[in-house]
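Trainee: What follows is a single structure, and I will ask about it in a moment.
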Amino acid sequence: MLLLILAMPAAAAAQGPAPLTLDEAVRLALERNPSMHAARAASDEAAARVTQARAGYLPRVDVMEGWQRSNQPVFVFGSLLGQRRFTAADFALGALNHPSALSNHRTAIFVEQPLFDGGRTKAATRAARLGAGAADLDETIAAANLRLEVVTAFGRVAASRATRAAAEAGVDTAREDLRTAEARRDAGTETEANVLAFRVRLAEAEARIVRAGQDASVARATLNATIGAPLDEERPVADSGVAAPREVDAAALEAKAVASRPELAQAAARRDQSRAAQMAARSGLLPQVAVQAGAETNSDTVWNGASSWSAGVQVRWNLFAGGGNMARVREAAAAARRRDAEYEGLETALRLEVRTATAAYRSALAREAAERRIVEQARESQRMVRDRYEAGLSQAADVLRAAELVAQAEAARTAALMDLQVTAAALDRAVGSRQQAAGSKQ
Numbered sequence: 003m004l005l006l007i008l009a010m011p012a013a014a015a016a017q018g019p020a021p022l023t024l025d026e027a028v029r030l031a032l033e034r035n036p037s038m039h040a041a042r043a044a045s046d047e048a049a050a051r052v053t054q055a056r057a058g059y060l061p062r063v064d065v066m067e068g069w070q071r072s073n074q075p076v077f078v079f080g081s082l083l084g085q086r087r088f089t090a091a092d093f094a095l096g097a098l099n100h101p102s103a104l105s106n107h108r109t110a111i112f113v114e115q116p117l118f119d120g121g122r123t124k125a126a127t128r129a130a131r132l133g134a135g136a137a138d139l140d141e142t143i144a145a146a147n148l149r150l151e152v153v154t155a156f157g158r159v160a161a162s163r164a165t166r167a168a169a170e171a172g173v174d175t176a177r178e179d180l181r182t183a184e185a186r187r188d189a190g191t192e193t194e195a196n197v198l199a200f201r202v203r204l205a206e207a208e209a210r211i212v213r214a215g216q217d218a219s220v221a222r223a224t225l226n227a228t229i230g231a232p233l234d235e236e237r238p239v240a241d242s243g244v245a246a247p248r249e250v251d252a253a254a255l256e257a258k259a260v261a262s263r264p265e266l267a268q269a270a271a272r273r274d275q276s277r278a279a280q281m282a283a284r285s286g287l288l289p290q291v292a293v294q295a296g297a298e299t300n301s302d303t304v305w306n307g308a309s310s311w312s313a314g315v316q317v318r319w320n321l322f323a324g325g326g327n328m329a330r331v332r333e334a335a336a337a338a339r340r341r342d343a344e345y346e347g348l349e350t351a352l353r354l355e356v357r358t359a360t361a362a363y364r365s366a367l368a369r370e371a372a373e374r375r376i377v378e379q380a381r382e383s384q385r386m387v388r389d390r391y392e393a394g395l396s397q398a399a400d401v402l403r404a405a406e407l408v409a410q411a412e413a414a415r416t417a418a419l420m421d422l423q424v425t426a427a428a429l430d431r432a433v434g435s436r437q438q439a440a441g442s443k444q
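In this text, residue positions in the sequence shown follow the working numbering: the first is 3, and each later residue adds one.
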């Protein structure tokens, strides 16, 4: 028993990693793809802008400390007053005009609390919150796009694997046919020219394997890049199977897309954000009111400074800024109209995308069924032709033609399977569904 337990890790290591499934590929992509990292960072940026905007409600506190030495008359006069060391002798004209150098160490704290800013902070905070919501939807949109990329890349890997398997089967068949042709030539019932034709066919079949291998390498590297894995990673890929056909109701899917697509919700947030920006722009036409307070110490040394304080209310109202304030208002109004138009256009575009994706899926479904039947018929036809050729009842050209038809049918079938998988994922993307990696059946 102990030996069995000790042998289990070694056996697991020998088996290698488990095959990569489509669901796991989607999960890895959402965790590791750089586009998702960028989208999350953008969301964090937008969240920080909300805090920045809300700062307008809070007081501003500044602390300043400095040291200066000078014999400039105004500086010396003011510093002596601030240090509470001014005497009657300092009124002498000589002392006023030609004072001795004086040092002043000043420590000050200032507080300013806005009372009214024309609604700028309120509008800016609302705009920032809407922007943060739109940025969160950017992450959702990036995830949906990435899911479609993973499904497409996964489908290409599966298609390249099927193409290679078909090419290898074609090589085996070509070798058998070549042996049959050589046997008939040796028996005097086949020409050398036809034997050479079979050899050419074998070489072409072997070349298909090479091309399929290169295509598989590129497809796998693309999938690795999408899921954030090293490009050269060779983890086996599980068979995703053929998704079960489903009925599609274009009208119902359009309604679902309008309700579910994050792009439309994002456009609505951007539209509301532009309206909040209008309010912020109008605030520049209104006065601003703030209370201010401060305290400071002045001394010729670091210690024992003379203190003072101040407090007040400030009203500031810009009456003319070269037309800049009104221009900002007009800019914000134009931006709001643009966002309204973009929202209307996006809804129409989403409906059209659903219709296009629905038509593509239906077409792919019909094509896959047709190509499946064609492959079955081509293989049966090839079997019959080969049997007749072995019996001396058909020509070499018939065998070669039948083999070419099988190769074409299998290539078309593989392309149809990939197209069906990708169009199904694209339809889910168009509708706004997150179940693009749902279970499938063989």
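C-beta atoms are modelled at their ideal positions from N, C-alpha and C, and glycine is treated no differently.
With distances taken from CA atoms, which of V52, A362, L82 and D188 is nearest P101?
Mentor: On the sequence shown, position 99 is the one that residue 101 refers to. Comparing Cα-Cα distances from P101 to each of V52, A362, L82 and D188, the minimum goes to L82.
Trainee: Is the stretch 44-61 close to the stretch 152-169, with three or more CB pairs under 8 Å?
Mentor: Contact fails: fewer than three Cβ-Cβ distances are below 8 Å.
Trainee: How far does the alpha helix (DSSP H) with A164 in it extend, from its first residue to its last?
Mentor: Within the sequence shown, the letter at position 162 stands for residue 164. Looking at the DSSP string, the run of the alpha helix (DSSP H) that includes A164 is R122 to D188.
Trainee: From G84 to T109, what does the alpha carbon distance come to, in whole angstroms?
Mentor: The residue labelled residue 84 in the question sits at position 82 within the sequence shown. The residue labelled residue 109 in the question sits at position 107 within the sequence shown. So the alpha carbons of these two residues sit roughly 11 Å apart.
Trainee: On the criterion of 16 or more Cβ atoms from any shown chain inside 10 Å, does Y59 qualify as buried, or is it exposed?
Mentor: By one-based count along the sequence shown, residue 59 stands at place 57. Label assigned to Y59: exposed.
Trainee: Name the two residues that bound the continuous alpha helix (DSSP H) containing R357.
Mentor: Translated into the one-based positions of the sequence shown, residue 357 becomes position 355. Its alpha helix (DSSP H) spans residues G326 to E392.
Trainee: Would A283 pass as a contact of A334 if the rule is Cβ separation under 8 Å?
Mentor: By 1-based counting over the sequence shown, the position of residue 283 is 281. By 1-based counting over the sequence shown, the position of residue 334 is 332. Yes, Cβ-Cβ distance for A283 and A334 is below 8 Å.
Trainee: Starting from H107, trace the beta strand (DSSP E) in both directions and tell me its first and last residue.
Mentor: Looking up residue 107 in the sequence shown gives position 105. Start and end: L104 to F118.
Trainee: Answer with buried or exposed for D140, where buried requires no fewer than 16 other C-beta atoms within 10 angstroms of its C-beta.
Mentor: Here residue 140 corresponds to residue number 138 of the sequence shown, with the count starting at 1. Buried: at least 16 other Cβ atoms inside 10 Å.
Trainee: Leaving out five residues on either side along the sequence, give the residues of the same chain with a beta carbon under 6 Å from the beta carbon of A439.
Mentor: Within the sequence shown, the letter at position 437 stands for residue 439. With a pLDDT of only 38 at A439, under the threshold of 50, the placement of this residue in the model should not be trusted; the figure read from the coordinates follows. Within the same chain, A439 has close Cβ partners L24, D25 and V28.
Trainee: Can you tell me whether R62 is helix, strand or coil according to DSSP?
Mentor: Counting from one through the sequence shown, the residue named residue 62 turns up at place 60. Strand at R62.
Trainee: Closest to G172 by C-alpha separation, out of V202, R149, W69 and T154, would be which residue?
Mentor: Counting from 1 along the sequence shown, the entry for residue 172 is found at position 170. G172 has its Cα closest to that of V202, out of V202, R149, W69 and T154.
Trainee: Grouping DSSP H, G and I as helix and E and B as strand, with all else coil, what is T299?
Mentor: If you number the sequence shown from 1, residue 299 lands on position 297. It is a strand residue.
Trainee: Check each candidate in Q70, G230 and L287 and name the one with the smallest Cα separation from T303.
Mentor: Translated into the one-based positions of the sequence shown, residue 303 becomes position 301. When only C-alpha atoms are compared, the closest one is Q70.
Trainee: Helix, strand or coil, according to DSSP, for E52 in the structure here?
Mentor: Residue numbering aside, residue 52 sits at position 50 when the sequence shown is read from its first letter. For the sequence presented, residue 52 should be read as Val rather than Glu. V52: helix per DSSP, three-state reduction.
Trainee: With H, G and I counted as helix, E and B as strand and the rest as coil, what does DSSP make of M10?
Mentor: In the sequence shown, counting from the first residue as 1, residue 10 sits at position 8. At M10 the pLDDT is 49, less than 50, meaning the model places this residue with poor confidence; the figure from the coordinates comes in the next sentence. Helix at M10.
Trainee: Would you identify the three-state DSSP class for R248, choosing helix, strand or coil?
Mentor: The residue given as residue 248 occupies position 246 in the sequence shown. R248: coil per DSSP, three-state reduction.
Trainee: Could you name the residues of the same chain whose beta carbon sits closer than 7 Å to that of V401, not counting the 5 residues immediately before and after it, in chain order?
Mentor: The residue labelled residue 401 in the question sits at position 399 within the sequence shown. Closer than 7 Å at Cβ, skipping near neighbours: D179, V387, R388 and Y391.
Trainee: Counting C-beta neighbours from all protein chains within 10 Å, is the total for L429 16 or more, i.e. buried, or is it exposed?
Mentor: What you label residue 429 is simply residue 427 of the sequence shown in a count that begins at 1. Per the 10 Å Cβ criterion, buried.
Trainee: Using 8 Å as the cut-off, can you tell me whether the stretch 399-419 makes contact with the stretch 194-210, which would need three or more C-beta pairs spanning the two stretches below that distance?
Mentor: Yes: the two stretches touch, three or more of their Cβ pairs being nearer than 8 Å.
Trainee: What span of residues does the beta strand (DSSP E) with A308 cover, start to end?
Mentor: If you number the sequence shown from 1, residue 308 lands on position 306. First-last of the beta strand (DSSP E) with A308: A308 to R318.
Trainee: Below 8 Å on the Cβ atoms is my contact criterion, and I expect P75 with N106 to pass it. Report the Cβ-Cβ distance as a whole number of Å.
Mentor: Along the sequence shown, one-based indexing puts residue 75 at 73. Along the sequence shown, one-based indexing puts residue 106 at 104. The pair is not a contact, with the Cβ atoms about 14 Å apart (cut-off 8 Å).
Trainee: G215 to R163, Cα distance in whole Å?
Mentor: For the purposes of this step, residue 215 is taken as residue 213 along the sequence shown, with counting starting at 1. For the purposes of this step, residue 163 is taken as residue 161 along the sequence shown, with counting starting at 1. Cα to Cα, the separation comes out at about 8 Å.
Trainee: From the DSSP output, in three-state form, read off V197 for me.
Mentor: As a working mapping, residue 197 is identified with position 195 in the sequence shown. Residue state, collapsed to three classes: helix.
Trainee: Report, in whole angstroms, the separation of the C-beta atoms of E349 and A418, which I expect to be a contact under 8 Å.
Mentor: What you label residue 349 is simply residue 347 of the sequence shown in a count that begins at 1. What you label residue 418 is simply residue 416 of the sequence shown in a count that begins at 1. That pair is no contact at about 33 Å.
Trainee: Hey, would you say the C-beta of L225 is under 7 Å away from at least one heavy atom of the ligand COA?
Mentor: This structure lacks the ligand COA, and indeed carries no ligand of any kind.
Trainee: Apart from the five residues on each side of it in sequence, which residues of its chain come closer than 7 Å, Cβ to Cβ, to M281?
Mentor: Working through the sequence shown from its first residue, we reach residue 281 at position 279. These residues qualify, in order along the chain: G121 and A125.
Trainee: Quick one: grab the DSSP three-state call for A278.
Mentor: Along the sequence shown, one-based indexing puts residue 278 at 276. In the structure shown, A278 sits in a helix (DSSP, three-state: H, G or I).
Trainee: What residues match up with W69 in a beta bridge as DSSP calls it?
Mentor: Here the question's residue 69 lines up with position 67 in the sequence shown. DSSP output for W69 lists H107 as bridge partner(s).
Trainee: Below 8 Å between beta carbons: does that hold for A259 and G434?
Mentor: Numbered from 1 along the sequence shown, position 257 holds the residue referred to as residue 259. Numbered from 1 along the sequence shown, position 432 holds the residue referred to as residue 434. Yes, they are a contact pair.
Trainee: A427 bridges to which residues according to DSSP?
Mentor: Here the question's residue 427 lines up with position 425 in the sequence shown. In the DSSP output, where bridge partners are listed per residue, A427 has none listed.
Trainee: Quick one, which of E378, T360 and R385 has its alpha-carbon nearest V1's?
Mentor: Nothing about residue 1 can be read from this structure; the chain reaches only from 3 to 444.
Trainee: Can the beta-carbon of A49 be found closer than 8 Å to that of A134?
Mentor: Translated into the one-based positions of the sequence shown, residue 49 becomes position 47. Translated into the one-based positions of the sequence shown, residue 134 becomes position 132. Taking 8 Å as the Cβ cut-off, A49 and A134 qualify as a contacting pair.
Trainee: Within 10 Å of its beta-carbon, does T123 have 16 or more other beta-carbons around it, so buried, or fewer, so exposed?
Mentor: In the sequence shown, counting from the first residue as 1, residue 123 sits at position 121. The residue is buried, with at least 16 neighbouring Cβ atoms inside 10 Å.
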